[in-house]
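Structure, as structure tokens:
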Amino acid sequence: MERTVTVEPEAGLHARPASKLVQTANRFDAEVSVGRAADGADGLVRADSILAVSGLNVGHGESVRVVAEGPDAGAALDAVCELLASPLDGGDEGEGDSGNADPEAGDAS
Numbered sequence: 202m203e204r205t206v207t208v209e210p211e212a213g214l215h216a217r218p219a220s221k222l223v224q225t226a227n228r229f230d231a232e233v234s235v236g237r238a239a240d241g242a243d244g245l246v247r248a249d250s251i252l253a254v255s256g257l258n259v260g261h262g263e264s265v266r267v268v269a270e271g272p273d274a275g276a277a278l279d280a281v282c283e284l285l286a287s288p289l290d291g292g293d294e295g296e297g298d299s300g301n302a303d304p305e306a307g308d309a310s
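So, in structure tokens, the structure goes:
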């Protein structure tokens with residue numbers, strides 16, 4: 202299964218978005234690959250490697266091809282494409298921090 206999607210995170214597939222993509226791909230029983238849409242099959246890298254994904258140097262607004270194979274291919278493809286199509290910059294970062302800060306603030310009071 203495969204799909205083409207436009208990368209919406211401002212950082213492209215670097216740093217945090219690349220990390221989130223790898224984490225998402227690894228949740229499924231599927232082999233997920235990603236690459237620039239224009240590069241075809243030769244440009245695909247495994248989505249379970251942050252070095253490979255960030256090494257693509259894909260920027261905001263570029264089209265990427267996502268390919269998934271295996272028992273959970275459909276679900277993996279949906280999750281990865283949803284992640285790439287949403288501007289996740291800073292989205293859930295604060296949620297984890299505030300969850301850790303509240304108990305500490307309660308102890309200090």
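With the sequence shown counted from 1, adding 201 to any position gets you the working numbering.
Ideal Cβ positions, reconstructed from N, Cα and C, are used throughout, including at glycine.
Beta-carbon proximity of F145 to A286, cut-off 8 Å: Lying before the first or after the last residue shown, residue 145 is absent from the chain, which here runs from 202 to 310.
What are the start and end residues of the beta strand (DSSP E) that includes A216? For A216, there is no enclosing beta strand (DSSP E); the enclosing alpha helix (DSSP H) covers residues A216 to N227.
Assign S250 to one of two classes, buried (16 or more other C-beta atoms within 10 Å of its C-beta) or exposed (fewer than that). exposed
Helix, strand or coil at A212 [DSSP, three-state]: Of the three classes helix, strand and coil, the one that applies to A212 here is coil, per DSSP.
Within its chain, find whatever has a CB closer than 6 Å to the CB of E263; leave out the 5 residues flanking it on each side and keep chain order. Take E263, set aside five residues on each side of it, and the residues of its chain with a beta-carbon closer than 6 Å to its own are V208, in chain order.
Pull up the distance between the alpha-carbon of G213 and that of A226, whole angstroms please. Straight-line spacing of the CA atoms in G213 and A226 works out to 17 Å.
Could you tell me which whole alpha helix (DSSP H) segments of length 4 or greater appear in the stretch 222-287? 251-256 and 274-285
Which residues in the same chain as V254 place their Cβ atom closer than 7 Å to its Cβ, once the five residues preceding and following it in sequence are excluded? Contacts found: L214, A219, L222, V223, V235, V246 and A248.
Neighbourhood of L284 by C-beta distance below 7 Å, restricted to the same chain and skipping five residues each side: For L284, where only same-chain residues beyond five positions count, the Cβ hits under 7 Å are K221, L222 and T225.
Hey, how far is the Cα of R237 from the Cα of V281? So the alpha carbons of these two residues sit roughly 15 Å apart.
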